[in-house]
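The next block holds one structure in the form of structure tokens; read it before the comments.
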Amino acid sequence: MKPTLKPHNPCFSSGPCAKHPGWSLEALQKAAVGRSHRAKIGKAKLAEVIERSRKLLGMPADYVLGIVPASDTGAVEMAMWSLLGQRGVDVLAWESFSSGWAGDCKSQLKLADLRVLKAGYGDLPDLTQVDWNRDVVFAWNGTTSGVKVPNGDWIAADRAGLSICDATSAVFAMDIAWDKLDVVTWSWQKVLGGEGGHGMIALSPRAVERLETYPAPRPLPKIFQMTKGGKLIAGIFTGETINTPSLLCVEDALDGLQWAESVGGLPGLIARSQANLKAIEDWVADSAWAGFLPKEAATRSNTSICLRITDPAYGALTAEAQDKHAKSIVSLLDKEGVAYDIGAYRDAPAGLRIWGGATVDTSDLHALLPWLDWAYGEVRKGF
Ligand SMILES: Cc1ncc(COP(=O)(O)O)c(C=O)c1O
């Protein structure tokens, strides 16, 4: 039967993610638009984003945090381009974005001593194979397969290499092991539902030491440069951005951080996201047609929740037909105004991906789940 109750907010995209409950354009009223980001007011707002983020995330006091261009991609690539080459590199690749970083290391940076530890969609590479004498690049949460690392226990405390972590779909939703990470990156458009275009990069003292003692063996565009004359450009980490940010986006980021504080800070955000995963887990447990793409429950993402269709009749279809029918579910729900952007990522196996980060209300997922059953039933009539 077609459900009647619809989610209050049908936005379940994995980025840009849903705005927080109660968000409106009013939140941007105090934006310092038309002002210089280098004026006192602009700099103060940028510094406030940094300070509130540090505090909310419980970042170690001796780490630095900066706002950088080009979203999470900009942050990850500036780290890789600036830091890699001194020693061998291990990259963990198990879905689209982490595979992209492996591709950068191989084809763009052309690193001489590179190992890519791979796994397919749904799995993690064998984490015991990582060599901590080398630098290691990985994503905390693989957004396109919904597979996350379960914790930081596999990262050596006494590592000689640097751990470089793309945490864009993990920070503000998962407990990440700060003391095991030397570079952590994310963007505003993810868990707190901010706007695109701006990235953040956190550096441990060891990452800063590498930057100051190892000049990158390649040309660096201006937007990747974090040192000058062998010294960290400290201003980047106090709100003096490398180039011009959007002060409208800055205001929105501040609004997101304040909302995050209002729901109990990091523990509150994690609890909201875990409740979202639980809602889907309970539904999957009773489902005759849907299952999780991640094979292990401990690696199941609570942000980018990836589902596959387990119905044997669907499994018997050609890959092309499977893809077509999965897309039909997505477009049916879109048309009904029930769920937007819940298709699997373009490189991932056919299925659904539902964002469960903190800005999504669990009640909206409860409203969505009967619609998934309805839409699958409709599509199932066609095969
Ligand atoms: C793990 C991961 N890395 C990188 C990116 C790219 O992020 P951005 O578009 O913010 O640069 C994404 C976006 O979804 C992601 O999920």
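Taking our numbering, I'd label the letters of the sequence shown as residues 653 to 1035.
We put the CB at the ideal spot given by N, CA and C, even for glycine.
Enclosing alpha helix (DSSP H) for residue i [first to last residue]
i	result
I932	917–937
R1032	1014–1032
D827	It is not in any alpha helix (DSSP H) - D827 carries neither H nor E in the DSSP assignment.
V801	Neither: V801 is in no alpha helix (DSSP H) and is coded neither H nor E.
Run of the beta strand (DSSP E) containing residue i, from where it starts to where it stops
i	result
K1048	Residue 1048 cannot be examined here, being either before or after the span of the chain that is shown, 653 to 1035.
D818	815–818
L855	850–855
W694	The residue you asked about is not Trp; residue 694 is Gly in the sequence shown. It is not in any beta strand (DSSP E) - G694 instead sits in the alpha helix (DSSP H) that spans 692–709.
T837	835–839
P594	Only positions 653 to 1035 of the chain appear in this structure, which leaves residue 594 out of reach.
Whole-angstrom distance between residue j and residue i, CA atom to CA atom
i	j	result
A713	E703	11 Å
A950	G882	42 Å
H672	A937	28 Å
E861	D834	11 Å
V799	E933	15 Å
R952	G772	14 Å
Y715	D724	18 Å
T879	A886	8 Å
G752	G851	17 Å
Where residue i falls, given that 16 or more other Cβ within 10 Å makes a residue buried
i	result
G686	exposed
S750	buried
R1005	buried
L900	exposed
D787	buried
H660	exposed
L677	exposed
K874	exposed
CB of residue i within 7 Å of CB of residue j, strictly
i	j	result
G636	L929	Only positions 653 to 1035 of the chain appear in the structure, and residue 636 is not among them; the question remains open.
A1019	L657	yes
C958	S821	no
S684	G694	Reading the sequence as shown, one finds Ala at residue 684 and not Ser. Yes.
L776	W746	yes
I816	V789	yes
I888	G718	yes
S705	D993	no
For residue i, the nearest candidate out of the options (CA to CA)
i	options	result
F824	L872, G920, A927, P897	G920
G943	M730, N785, G774, K692	G774
Q781	L769, A791, V789	L769
A868	L735, A696, T1011	L735
Residues whose Cβ lies closer than 5 Å to any heavy atom of ligand 3, in chain order: The model depicted lacks ligand 3 and carries ligand 1 instead.
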